[in-house]
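Chemist: For the protein sequence lines, the chains are A and B, in the order given.
If you're matching positions, the first sequence starts at 10 in this note's numbering and goes up one per residue.
If you're matching positions, the second sequence starts at 10 in this note's numbering and goes up one per residue.
There are 2 protein chains.
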Amino acid sequence: MKPQGKTRSIFPRVEEFVRRRRLLPEGSSVLLAVSGGQDSVGMLTILRELAPKLKLRLSVAHVNHLLRGAESDSDETFVSELAASAGLPFFVERVDPAALSAREKRSVEDAARELRYEALERMRVQARSDLIATAHTADDNAETVLFNLARGSGVRGLAGIPVKRGNIVRPLRCLGREEVARFLAERGVQHRDDSSNISLNATRNFIRLEIIPRIRDGVNDECVRNIDRASRMLAELGDFLEAYTACETEHVSRVEGGDLFLDISGLKRYLIFIRREIIRSAVRSWSRKSLAFEQVEEILGIADSDNGTSLALPGRLKVWKEKSSLVFTSSSRAPFSRQIEIGHLYEFPEFSFSSEICRRNEVRFIPDPSVEFVDEEKLAPPLVLRSWSSQDSFQPLGLGSMKRVGAFLADKGVPRRERDSVLVLESDGKIVWLCGHRLDARYSLSEQATRVAKLVWRRR
Amino acid sequence: MKPQGKTRSIFPRVEEFVRRRRLLPEGSSVLLAVSGGQDSVGMLTILRELAPKLKLRLSVAHVNHLLRGAESDSDETFVSELAASAGLPFFVERVDPAALSAREKRSVEDAARELRYEALERMRVQARSDLIATAHTADDNAETVLFNLARGSGVRGLAGIPVKRGNIVRPLRCLGREEVARFLAERGVQHRDDSSNISLNATRNFIRLEIIPRIRDGVNDECVRNIDRASRMLAELGDFLEAYTACETEHVSRVEGGDLFLDISGLKRYLIFIRREIIRSAVRSWSRKSLAFEQVEEILGIADSDNGTSLALPGRLKVWKEKSSLVFTSSSRAPFSRQIEIGHLYEFPEFSFSSEICRRNEVRFIPDPSVEFVDEEKLAPPLVLRSWSSQDSFQPLGLGSMKRVGAFLADKGVPRRERDSVLVLESDGKIVWLCGHRLDARYSLSEQATRVAKLVWRRR
Numbered sequence: 010m011k012p013q014g015k016t017r018s019i020f021p022r023v024e025e026f027v028r029r030r031r032l033l034p035e036g037s038s039v040l041l042a043v044s045g046g047q048d049s050v051g052m053l054t055i056l057r058e059l060a061p062k063l064k065l066r067l068s069v070a071h072v073n074h075l076l077r078g079a080e081s082d083s084d085e086t087f088v089s090e091l092a093a094s095a096g097l098p099f100f101v102e103r104v105d106p107a108a109l110s111a112r113e114k115r116s117v118e119d120a121a122r123e124l125r126y127e128a129l130e131r132m133r134v135q136a137r138s139d140l141i142a143t144a145h146t147a148d149d150n151a152e153t154v155l156f157n158l159a160r161g162s163g164v165r166g167l168a169g170i171p172v173k174r175g176n177i178v179r180p181l182r183c184l185g186r187e188e189v190a191r192f193l194a195e196r197g198v199q200h201r202d203d204s205s206n207i208s209l210n211a212t213r214n215f216i217r218l219e220i221i222p223r224i225r226d227g228v229n230d231e232c233v234r235n236i237d238r239a240s241r242m243l244a245e246l247g248d249f250l251e252a253y254t255a256c257e258t259e260h261v262s263r264v265e266g267g268d269l270f271l272d273i274s275g276l277k278r279y280l281i282f283i284r285r286e287i288i289r290s291a292v293r294s295w296s297r298k299s300l301a302f303e304q305v306e307e308i309l310g311i312a313d314s315d316n317g318t319s320l321a322l323p324g325r326l327k328v329w330k331e332k333s334s335l336v337f338t339s340s341s342r343a344p345f346s347r348q349i350e351i352g353h354l355y356e357f358p359e360f361s362f363s364s365e366i367c368r369r370n371e372v373r374f375i376p377d378p379s380v381e382f383v384d385e386e387k388l389a390p391p392l393v394l395r396s397w398s399s400q401d402s403f404q405p406l407g408l409g410s411m412k413r414v415g416a417f418l419a420d421k422g423v424p425r426r427e428r429d430s431v432l433v434l435e436s437d438g439k440i441v442w443l444c445g446h447r448l449d450a451r452y453s454l455s456e457q458a459t460r461v462a463k464l465v466w467r468r469r
Numbered sequence: 010m011k012p013q014g015k016t017r018s019i020f021p022r023v024e025e026f027v028r029r030r031r032l033l034p035e036g037s038s039v040l041l042a043v044s045g046g047q048d049s050v051g052m053l054t055i056l057r058e059l060a061p062k063l064k065l066r067l068s069v070a071h072v073n074h075l076l077r078g079a080e081s082d083s084d085e086t087f088v089s090e091l092a093a094s095a096g097l098p099f100f101v102e103r104v105d106p107a108a109l110s111a112r113e114k115r116s117v118e119d120a121a122r123e124l125r126y127e128a129l130e131r132m133r134v135q136a137r138s139d140l141i142a143t144a145h146t147a148d149d150n151a152e153t154v155l156f157n158l159a160r161g162s163g164v165r166g167l168a169g170i171p172v173k174r175g176n177i178v179r180p181l182r183c184l185g186r187e188e189v190a191r192f193l194a195e196r197g198v199q200h201r202d203d204s205s206n207i208s209l210n211a212t213r214n215f216i217r218l219e220i221i222p223r224i225r226d227g228v229n230d231e232c233v234r235n236i237d238r239a240s241r242m243l244a245e246l247g248d249f250l251e252a253y254t255a256c257e258t259e260h261v262s263r264v265e266g267g268d269l270f271l272d273i274s275g276l277k278r279y280l281i282f283i284r285r286e287i288i289r290s291a292v293r294s295w296s297r298k299s300l301a302f303e304q305v306e307e308i309l310g311i312a313d314s315d316n317g318t319s320l321a322l323p324g325r326l327k328v329w330k331e332k333s334s335l336v337f338t339s340s341s342r343a344p345f346s347r348q349i350e351i352g353h354l355y356e357f358p359e360f361s362f363s364s365e366i367c368r369r370n371e372v373r374f375i376p377d378p379s380v381e382f383v384d385e386e387k388l389a390p391p392l393v394l395r396s397w398s399s400q401d402s403f404q405p406l407g408l409g410s411m412k413r414v415g416a417f418l419a420d421k422g423v424p425r426r427e428r429d430s431v432l433v434l435e436s437d438g439k440i441v442w443l444c445g446h447r448l449d450a451r452y453s454l455s456e457q458a459t460r461v462a463k464l465v466w467r468r469r
């Protein structure tokens with residue numbers, strides 16, 4: 010009989026799958042996430058039978074999402090009895106995704122997923138298990154691939170649900186949902202209806218119920234298996250790309266003074282796909298931030314544009330072209346601003362500022378841009394030491410006219426990554442000193458000056 | 010007004026698309042494949058307007074598939090009038106896919122596609138055009154991607170319809186079908202219905218009419234654009250993989266004596282995805298034959314198995330493990346078989362065979378395996394020189410018992426790639442000599458022998 014034949018083939022297939030992928034190493038202890046639905050009951054039944062052969066120690070965990078009242082509690086009872094009859098340790102946690110969803114204005118499904126995996130990890134520790142096994146099938150994977158394809162996704166998204174990620178494994182990804190259903194029906198194993206769909210939003214359910222069956226009937230009846238196989242190849246391709254990109258990224262990137270430099274001509278030696286991957290990978294490992302596809306496209310545009318063209322990226326990142334490099338800075342420090350008084354020493358993580366009154370004849374001009382002398386009588390409160398802003402103008406000593414601070418720094422050739430950290434000393438709203446760079450002519454010592462303020466700004 | 014805005018944006022979008030991808034270089038001459046359907050009429054309308062700016066010379070080609078009688082002829086008339094009113098040269102060819110399909114037992118759509126592209130290429134030469142432009146849209150591409158995903162496909166299949174392949178370009182791949190329809194409607198441009206669907210089989214039409222609209226409504230209304238973008242990335246990824254694989258393949262493969270050798274330990278240094286790509290690429294460039302996914306998997310299995318394990322591949326290819334290599338041979342030469350007579354010289358591309366009668370006292374045994382002496386009186390017609398077969402056994406001189414030819418060659422350590430080309434000399438169905446290797450004991454010279462045949466087999 011054919012159905013029987015199929016059922017018998019389930020065990021060797023799962024066994025080969027977990028062995029080849031090294032999902033469940035011999036001797037490991039595995040916590041099975043069991044909702045009580047068809048797939049997870051199938052997983053429990055199959056792995057329990059394979060456990061002696063694979064030398065596994067099993068435990069069962071159930072997360073009660075409290076979303077369907079008495080029904081949720083019946084699910085919990087059902088799974089606890091299932092574990093008891095299988096002679097396996099049972100763990101349960103109750104979580105409240107409805108509350109989290111309301112509090113953080115997220116979808117219930119999304120909140121449920123986060124709370125579920127957190128709870129499973131706690132129970133894994135409690136059960137002293139190495140791994141958590143979830144019951145995702147090839148169908149779940151095909152649905153994910155179609156979902157990601159339709160909503161726009163890169164190679165990783167089309168790779169579907171990972172067979173193994175961290176300590177989470179999916180030993181049932183080699184089986185179709187129908188096969189699991191038939192297996193349970195033949196064995197007369199009971200399961201709860203619908204419980205497993207708690208994690209599905211309306212869109213995912215639509216793909217499951219409306220799209221996949223139509224593709225199966227009208228395009229290819231092996232479509233789930235074929236999509237699953239394509240996603241497996243893309244996952245393996247993703248592994249390769251990650252390793253390759255990490256290696257190549259080293260050749261064209263460096264971090265200096267906290268900024269990320271990408272060599273443009275080096276970058277252009279790669280084909281476009283890898284260029285994008287390198288940019289994304291370099292920025293991710295430097296800033297721990299992920300760039301969207303469009304942002305990478307814009308960055309590529311900057312590499313082709315004029316020197317100095319810049320782009321603000323989310324997360325307070327900024328990128329511009331400087332000579333032969335793309336330079337990324339993170340302006341994560343908030344703008345600095347601090348009221349000061351003459352005669353005090355101010356120390357900050359990145360610089361110190363001090364001032365003192367001295368007499369005219371004590372002035373010794375020295376070729377140190379960190380030190381300046383100003384006419385103290387021209388200063389008016391409040392004196393403020395602050396980051397310069399793009400609105401700032403001043404009258405640089407020796408120039409004879411007003412000039413924007415930004416333009417002054419650019420003309421002087423101050424590297425853009427250093428410009429952000431430049432400070433101004435302000436007196437009653439007017440700029441006295443572009444610290445470390447240039448005095449304002451309006452405050453310079455005249456012949457008549459008697460009281461002199463010595464200003465010292467030092468980078469630490 | 011929004012619709013108008015969209016229409017206006019069509020021209021800059023197509024312009025940017027063809028410029029960025031270098032689809033239609035300035036000064037080139039382009040033959041537009043126009044069926045008369047919406048998409049191709051849209052392409053004609055758009056490119057005619059862009060032609061002066063892009064410096065293009067346009068011609069129009071129509072392929073009449075003769076599949077719908079008078080309707081087909083009306084399409085032809087419609088397109089010829091369209092070309093005339095646009096002031097463009099017009100070319101037409103009639104092809105008969107129905108006949109080809111019946112003759113070669115292929116689908117009509119498949120036959121139509123082949124004949125259409127052949128006809129277009131002839132008309133391109135006639136029109137002195139550089140390129141052929143077809144009117145595939147982003148929708149056509151999304152349909153292809155879904156089709157290939159469902160039926161099982163690698164990275165190349167998921168990359169969809171190439172924007173450029175050979176001298177065929179698809180300048181409308183940046184537009185959705187709806188946009189083209191709206192554009193034509195707003196301009197009041199007429200087109201023929203249904204004509205463009207001649208190339209679609211039932212499955213493709215099903216995806217177009219049943220699957221895509223459902224995904225658009227129920228999953229993501231930008232799905233066509235998103236799938237198109239994913240396929241573009243995969244196409245770029247495919248370009249990279251091809252270049253990368255070709256380069257790496259050189260490190261682990263060599264062709265020697267017509268056989269392909271892949272170094273197994275070298276191969277294993279790559280991640281699984283690249284291992285497969287290298288095998289596929291090496292075999293393709295060596296034999297011009299493409300391996301299916303399952304065949305590559307089996308070859309990987311051989312690399313992990315015992316020395317000598319072999320596998321027959323389609324197209325008369327064969328692969329086995331020999332020491333640290335995978336060895337591929339092509340037994341494309343048909344089995345050799347030729348009746349011979351004593352006293353003649355036979356010359357073939359790869360070897361020569363000659364024989365002569367000599368007297369007993371003329372025999373000089375020499376240590377040359379290409380020369381043997383046999384008792385001529387034991388020979389019986391027909392004498393046949395032929396490739397050995399797996400059914401052959403003989404009685405190797407010095408062994409004292411019958412032995413299979415295959416086993417003898419293996420025991421003697423003859424490299425597998427040389428075994429295929431070994432010949433036997435057969436006398437009335439019995440093996441006389443395994444040429445160049447061993448005489449059969451039944452034909453060796455006895456004390457009584459008076460007539461001796463000297464046999465000479467030489468590799469050329």
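Cβ atoms here follow ideal geometry from the backbone N, Cα and C, with glycine treated the same way.
#1: Assign Q304 (chain B) to one of three DSSP states: helix, strand, or coil.
#2: Buried or exposed: which applies to Q199 (chain B), given that a residue is buried once 16 or more other Cβ atoms fall within 10 Å of its Cβ?
#3: So T254 (chain B) packs on I281 (chain B), CB below 8 Å; how close in whole Å?
#4: Assuming contact is defined by CB atoms lying nearer than 9 Å, are S361 (chain A) and V433 (chain A) in contact in what I supplied?
#5: Using DSSP with H/G/I as helix, E/B as strand and the rest coil, what is Y279 (chain B)?
#6: Considering only the alpha carbon of each residue, which of B:L75, B:S430, B:A419 lies closest to L394 (chain B)?
#7: Please go through the stretch 27-113 of chain A and give each complete beta strand (DSSP E) segment of 3 or more residues, from N-terminal end onward.
#8: Would you mind telling me which residues of chain B sit closer than 7 Å to R238 (chain A), beta carbon to beta carbon, in chain order?
#9: Helix, strand or coil, according to DSSP, for Q404 (chain A) in the structure here?
#10: Give, in chain order, every residue of the stretch 246-277 of chain B whose Cβ lies closer than 9 Å to some Cβ of chain A.
#11: What is the DSSP secondary structure of Q348 (chain A), reduced to helix, strand or coil?
#12: Any idea what DSSP makes of D272 (chain A), helix, strand or coil?
#13: On the CB-based measure, 16 or more other CB atoms within 10 Å of its CB, does K62 (chain A) come out buried or exposed?
#14: Are H74 (chain B) and V101 (chain B) close, meaning C-beta to C-beta below 9 Å?
#15: For chain A, is any of its Cβ atoms less than 9 Å away from the one on E219 (chain B)?
#16: Do you know whose CA, among B:L97, B:R213, B:L418, B:R238, lies nearest R160 (chain B)'s CA?
#17: Going along chain B in order, which residues have a C-beta closer than 7 Å to the C-beta of C232 (chain A)?
#18: Going by C-alpha distance, which of A:I308, A:R468, A:F417, A:G310 is nearest D377 (chain A)?
#19: For the alpha helix (DSSP H) containing L246 (chain A), name the first residue and the last one.
#20: Please compile the residues from chain A whose C-beta is within a distance smaller than 7 Å of the C-beta of I475 (chain B).
#21: Residues in the same chain with beta-carbon distance under 7 Å from S455 (chain A), minus the five sequence neighbours each way, listed in chain order, please.
#22: Within 10 angstroms of the Cβ of M411 (chain A), are there 16 or more other Cβ atoms? Answer buried if so, exposed if not.
#23: In whole angstroms, what is the alpha-carbon distance linking G96 (chain A) and D84 (chain A)?
#24: Inspect the beta-carbon positions of S339 (chain A) and G324 (chain A) and report whether they are closer than 9 Å.
#25: When you check each C-beta in the stretch 321-348 of chain A against every C-beta of chain B, which residues fall closer than 9 Å?
#26: Specify, as a first and last residue, the run of the beta strand (DSSP E) that E123 (chain A) falls within.
#27: Span of the beta strand (DSSP E) holding E331 (chain B)?
#28: How long is the line joining the alpha carbons of S314 (chain B) and L320 (chain B), rounded to whole angstroms?
#29: Is the Cβ of L167 (chain A) closer than 9 Å to any Cβ of chain B?
#30: First and last residue of the alpha helix (DSSP H) that includes I221 (chain A)?
#31: Helix, strand or coil for L158 (chain A) per DSSP?
#32: Helix, strand or coil for R469 (chain B), going by three-state DSSP, please let me know.
#33: Do we get a CB-CB distance below 9 Å when we pair G227 (chain A) with the residues of chain C?
#34: Identify each residue in the stretch 282-308 of chain B for which the Cβ-Cβ distance to at least one residue of chain A is less than 7 Å, and report them in chain order.
#35: When you compare only the Cα positions, how much space is there between W295 (chain B) and T258 (chain B)?
Modeler: So, from the data block:
#1: helix
#2: exposed
#3: Contact flag wrong, Cβ pair sits at about 13 Å.
#4: no
#5: coil
#6: B:S430
#7: 38-42, 66-73, 99-103
#8: G161
#9: coil
#10: L246, G247, D248, F249, L250, A252, Y253
#11: strand
#12: strand
#13: exposed
#14: no
#15: yes
#16: B:R213
#17: A159
#18: A:R468
#19: 232-261
#20: Outside the displayed range of chain B (10 to 469) lies residue 475 (chain B), so it cannot be described from this structure.
#21: D384
#22: exposed
#23: 18 Å
#24: yes
#25: none
#26: Note, E123 (chain A): premise wrong, no beta strand (DSSP E); alpha helix (DSSP H) at 117-135.
#27: 326-331
#28: 12 Å
#29: yes
#30: 221-227
#31: helix
#32: coil
#33: Among the protein chains in the structure shown, which are A and B, there is no chain C.
#34: F282, I283
#35: 11 Å
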